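Undergrad: The numbering of the sequence shown is this note's numbering, which starts it at 113 and goes up by one.
Using N, Cα and C, we set each Cβ at its ideal position, and we do this for glycine too.
All of these numbers come straight from a predicted model, not from anything done at the bench.
Attaching a single structure in structure tokens format; questions to follow.
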Amino acid sequence: MGLQRQTRRELERVQSRAVVANLTEDGRAFLANTALEHVGALTALEQHLISVAPLGEARYREIVDSYTLGASAAIRRWS
């Protein structure tokens, strides 16, 4: 009986780690998907603004690049 109980506990620990790993990956994928959508929208807006008000090009790029770097860092930290 003792060996069966010990085996069951170990199996439960392994299953728990697998569930946590799966949820972590799901969270990372959700963050990446959201960041990609936002970067795409911001890039399209950046492109539009450059055509409408070209003097702001450097500022638009800086803002979008800063967001992109921050989003990438957040995804890397997610674990």
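Taking the continuous alpha helix (DSSP H) assigned at L167, which residues delimit it?
TA: Premise fails: L167 is in no alpha helix (DSSP H) and is neither H nor E.
Undergrad: Taking the alpha-carbon positions, what's the V143 to L115 distance?
TA: Checking the sequence shown, residue 143 turns out to be Leu, not Val. Approximately 42 Å between the Cα atoms of the pair.
Undergrad: Alpha carbon to alpha carbon, how far is R140 from A147? Give it in angstroms, no decimals.
TA: 10 Å
Undergrad: Look at the alpha carbon of E122 and the alpha carbon of A130, and state the distance between them as a whole number of angstroms.
TA: 12 Å
Undergrad: Pop quiz: L161 and Y179 are said to be a contact at Cβ under 8 Å. What is the actual Cβ separation, rounded to whole angstroms?
TA: Rounded, the Cβ-Cβ distance is 14 Å, inconsistent with contact.
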